[in-house]
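Q: In UniProt numbering, the protein residues as written are 1 to 579.
No residue lacks a Cβ here, since even glycine has one placed at the ideal position from N, Cα and C.
(1) Count the other CB atoms, across all protein chains shown, that sit within 10 Å of the CB of residue 77; report buried if there are 16 or more and exposed otherwise.
(2) Around the C-beta of residue 35, are 16 or more other C-beta atoms found within 10 angstroms, so that it is buried, or is it exposed?
(3) Using the C-alpha atoms, what's the distance from residue 475 back to residue 546?
(4) Three-state secondary structure (DSSP) at residue 554?
(5) Which class does residue 534 belong to by DSSP, given the choice of helix, strand or coil?
(6) Can you look up residue 452 in the DSSP assignment and give me helix, strand or coil?
(7) Taking just the CA atoms, how far does residue 138 sit from residue 175?
(8) Taking the C-alpha atoms as reference points, what is the distance between residue 203 and residue 149?
(9) Where are the beta strand (DSSP E) runs, 3 residues long or more, that stay fully inside the region 181 to 209, in chain order?
(10) Checking 7 angstroms against the spacing of the C-beta atoms, do residue 191 and residue 277 come in under that value?
(11) Assign residue 357 to buried or exposed, taking buried as 16 or more other Cβ atoms, counted over all protein chains shown, within 10 Å of its Cβ.
(12) Is it right to say residue 1 is buried, meaning 16 or more other beta carbons lie within 10 angstroms of its own, or is it exposed?
(13) Under the rule that 16 or more other beta-carbon atoms within 10 Å means buried, what is residue 591, buried or exposed?
(14) So residue 267 is in the beta strand (DSSP E); what residue range does that whole segment cover?
(15) Between the C-alpha atoms of residue 439 and residue 390, what's the straight-line distance to the nearest angstrom?
(16) Give me, in chain order, the residues of the same chain whose beta-carbon lies closer than 8 angstroms to that of residue 24; leave out the 5 immediate sequence neighbours on both sides.
(17) Can you give the Cα-Cα distance for residue 129 and residue 119, rounded to whole angstroms?
(18) Our contact map puts residue 528 next to residue 516 with C-beta atoms below 8 angstroms; I'd like the distance itself, whole angstroms only.
(19) Does the count of Cβ pairs from the region 214 to 231 and the region 163 to 177 closer than 8 angstroms reach three?
(20) I'd like the list of long-range same chain contacts for residue 426, defined as Cβ closer than 8 angstroms, with 5 residues on each side in sequence excluded.
(21) Measure the CB-CB distance between residue 372 and residue 387 and report whether it falls below 7 angstroms.
(22) So, for residue 93: in the same chain, excluding its five sequence neighbours on each side, which residues have a beta-carbon less than 6 angstroms away from its beta-carbon?
(23) Does DSSP classify residue 355 as helix, strand or coil?
(24) Have a look at the DSSP bridge pairing and note the partners of residue 300.
(25) Tell me the residue span of the beta strand (DSSP E) that contains residue 505.
(26) Which term fits residue 208, buried or exposed, when burial requires 16 or more other beta carbons within 10 angstroms of its beta carbon?
(27) Does the Cβ-Cβ distance between residue 540 and residue 568 come in under 7 angstroms?
(28) Roughly how many whole angstroms lie between the Cα atoms of residue 44 and residue 79?
(29) Answer yes or no: do residue 183 and residue 205 have a C-beta to C-beta separation smaller than 7 angstroms?
(30) Around the C-beta of residue 269, are 16 or more other C-beta atoms found within 10 angstroms, so that it is buried, or is it exposed?
(31) Which of helix, strand or coil does DSSP assign to residue 162?
(32) What do you get for residue 262, buried or exposed, if any count of 16 or more other CB atoms within 10 angstroms of its CB means buried?
(33) Since residue 421 is in the beta strand (DSSP E), which residue starts that stretch and which ends it?
(34) Near residue 9, which residues of its chain fall below 6 angstroms by C-beta distance, leaving aside the five closest residues on each side in sequence?
(35) Tell me the DSSP secondary structure of residue 487 in three-state form.
(36) With a cut-off of 8 angstroms on the beta carbons, I'd call residue 266 and residue 199 a contact; round off their distance for me.
Now the structure itself:
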């Protein structure tokens, strides 16, 4: 429609100037929609060829001359039917996202905008949307859907009306897609070694769905381990992937992840698989503070078998025993990794092993270690101690080492103590180094004639001295056995050899007789006894040209002398051989 507005000046001196304002600003005719024409200087007409919403406003006619100015204003109201400022468009979203569906209209009076939703799968049977915390209309007319849900999908109708015309409306479709998702983010399974594990992974969402597995962050391929098998099945709402692991063992204690995907997103669920078994063998078994009777054993905790270690068994035996024998065994709590072994034997070689236990049983034994305890002073005396007089001033003492279990180390020697019997004198000790033989001996000299002595023997090692044996009481001789005679060859023939010997004159009176010994080379000694007044002896019936050996010993009531020097003699002539 057109609009014509005339402004006339009824009085005032010429010249008169007329101009137009719109909303207080000079109106600039564009020659197309708006034109201003003047028939004379006292009248001006405003022509609007096609009135539209943009022409609304307050129009003012201002007339002025040199004396003054006058104006008159009038408001033009333009009713405009609604039209789209931002028209609704099709929308797609993912579950959980916030969605804004634009719907903005303009017109005059300003249009009212409202939304409706179809309750059917096709655009029909619309119902007005009542705003709530989940879905509501914004001030500009757009529709806000917070954290979109799957049932928010459907057809939406946006309408705008201001009473001018029939109003406008538009139907759009909102598609809310469901990404891949799991109902549980984490799960844990505990199995005993050797059982079969089943890990189920069920992913929901729009199909097609895919599933991939990983183990400790690394892609899992069942073909790499024949014990692993993956089976896939589908339900109306989900895809089910099940991982089966046969004969599970320690290697399978891991975090298994299942990644579900579709074109709208992905989700992950994790299962911690815990394989329980008896614990491993304790390791790094070591000892410290080793003494003669005790030692401290320490070890490192083994693999627990994914079960609390309840106890350790510490077994100890000597090297000659078997583990089935009655050995020493100590049991300590599973939180303890050190133990003091007591009541051990000195210088004994012990073998130690350790076993851990948990709720599933006992594990393997640790590697065996061998430790020898320290020495200790002997705890037993020498045995079979005997003493005999040798002369009027000497005694011979013999003994055997203490029992092996009483030696407590490597024997270094012996202390042979002696004193006059029945006195309070302190013992005089003679130190004798051990020879390592079965029988040891010592000669006590510079003693008094015909005197009774008390004798004892003690063994010692690097750590100290052991207890003494019981005292032995014996008396030195009143006189001494004679010294050995001096022997020489007096004469020889082809079948005899005559020997001659001599004795110190001071010893002759006590001599009772002599023992003369003879043997052929590589033969055995033959003994011949002769009387005290005889100082020669002839061996008859000997082989001619043959070498013989001789020695002689004298004796008295105190005993036998030491043997004389061994001499050799040969019969005259040449050896005869009889074939």
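A: So, from the listed chains and residues:
(1) Classification of residue 77: exposed, given that the 10 Å Cβ count is below 16.
(2) Around the C-beta of residue 35, fewer than 16 other C-beta atoms lie within 10 Å, and the residue is accordingly described as exposed.
(3) CA-to-CA, the gap between residue 546 and residue 475 works out to about 47 angstroms.
(4) Under the three-state reduction of DSSP, residue 554 is assigned to strand.
(5) Looking at residue 534 - three-state DSSP - the assignment turns out to be coil, as it is neither helix nor strand.
(6) The answer is strand: DSSP assigns residue 452 an E or B state.
(7) Answer to the nearest angstrom: the Cα atoms are 20 angstroms apart.
(8) Distance between the alpha carbons of residue 203 and residue 149 is about 18 angstroms.
(9) You should have 186 to 192 and 197 to 204.
(10) Contact: no.
(11) It counts as buried.
(12) Residue 1 is exposed by the Cβ-count criterion.
(13) As displayed, the chain neither begins before 1 nor continues past 579, which places residue 591 out of reach and without an answer.
(14) It spans 265 to 276 - the beta strand (DSSP E) in which residue 267 sits, taken as one unbroken run.
(15) Whole-angstrom Cα-Cα distance: 18 angstroms.
(16) Its chain contains 58 and 60 as the residues whose beta carbon lies nearer than 8 angstroms to that of residue 24, once the 5 sequence neighbours on both sides are disregarded; these appear in chain order.
(17) Computed Cα separation, rounded: 11 angstroms.
(18) Between residue 528 and residue 516 the beta-carbon gap is near 5 angstroms, inside 8 angstroms, which marks them as a contact.
(19) Between the region 214 to 231 and the region 163 to 177 there are fewer than three inter-stretch CB-CB distances shorter than 8 angstroms, so the stretches are not counted as touching.
(20) Counting only Cβ-Cβ distances below 8 angstroms, and skipping sequence neighbours, we find 419.
(21) No, they are not a contact pair.
(22) Cβ neighbours of residue 93 within its own chain (closer than 6 angstroms, five residues either side excluded): 99, 148 and 176.
(23) Residue 355: strand per DSSP, three-state reduction.
(24) Paired residue(s): 283.
(25) Per DSSP, residue 505 is not a residue of any beta strand (DSSP E); the alpha helix (DSSP H) it occupies stretches across 505 to 508.
(26) The residue in question, residue 208, is exposed, as its Cβ has fewer than 16 Cβ neighbours within 10 Å.
(27) No, the Cβ-Cβ distance between residue 540 and residue 568 is not below 7 angstroms.
(28) Distance from the CA of residue 44 to the CA of residue 79, rounded to the nearest whole angstrom, comes to 26 angstroms.
(29) If you check the CB distance, residue 183 and residue 205 do not come in under 7 angstroms.
(30) Of the residues assessed, residue 269 falls on the buried side of the cut-off, its CB having 16 or more other CB atoms within 10 angstroms.
(31) Three-state result, residue 162: coil.
(32) Result: buried.
(33) DSSP places residue 421 in no beta strand (DSSP E); its state is neither H nor E.
(34) Sequence-distant partners of residue 9 (beyond 5 residues in either direction) whose C-beta falls short of 6 angstroms from its own C-beta, in its chain, are 16, 42 and 63.
(35) Correct three-state label for residue 487: strand.
(36) About 19 angstroms separates the two Cβ atoms, so there is no contact after all.
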